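Residue numbers (our numbering): 31 to 170.
Glycine is no exception: its CB is placed at the ideal position from the N, C-alpha and C atoms.
Remember, it's a predicted structure, so these values are computed and weren't measured experimentally.
Each remark here refers to the structure printed beneath this line.
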């Protein structure tokens, strides 16, 4: 009898919860209004990321912490928000221009966080980052 009960419990399925829904958000900053960084010395920062709408706030906060960790290049310490990362990027560019006034290249930072899987038990994200801050080539 114990074996039959154990088999029934092991084979029973847990009810599926609703898959997490999300909307894609975009955060953009420019060092100058109307900046086109490949023609003028200015900086652009653009990040597209998912904002999950029907998950626990602690899980949402943890996901955003991981996303900002990846966007910051895996720097240790307290995760910064995407807005802080963008402001730091623009501020670094402005400081660089102060130090190197004849510099004629723009800086760019583009990131896209894609949702690969969003089920009731798994969320899988892919983070693609492309940046150029001078030099011979950008990074990806």
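Alpha carbon of residue 110 to alpha carbon of residue 98, nearest angstrom:
6 Å
Based on DSSP bridge pairs, tell me the residues matched to residue 106.
DSSP lists no partner for residue 106.
Can you list, in chain order, the residues of its chain with a C-beta nearer than 8 Å to that of residue 65? Leave out the 5 residues immediately preceding and following it.
72, 73, 74 and 136
Leaving aside the five residues before and after residue 51 along the sequence, list all residues of the same chain whose C-beta is less than 6 Å from its C-beta, in chain order.
83 and 84
So the candidates are 120, 164, 114 and 100; which of them puts its Cα closest to the Cα of residue 141?
100
Cβ-Cβ distance between residue 81 and residue 53 below 8 Å:
yes
Contiguous beta strand (DSSP E) assignments of at least 3 residues, all confined to the region 82–148:
137–148
Rounded separation between residue 168 and residue 155 - CA only:
23 Å
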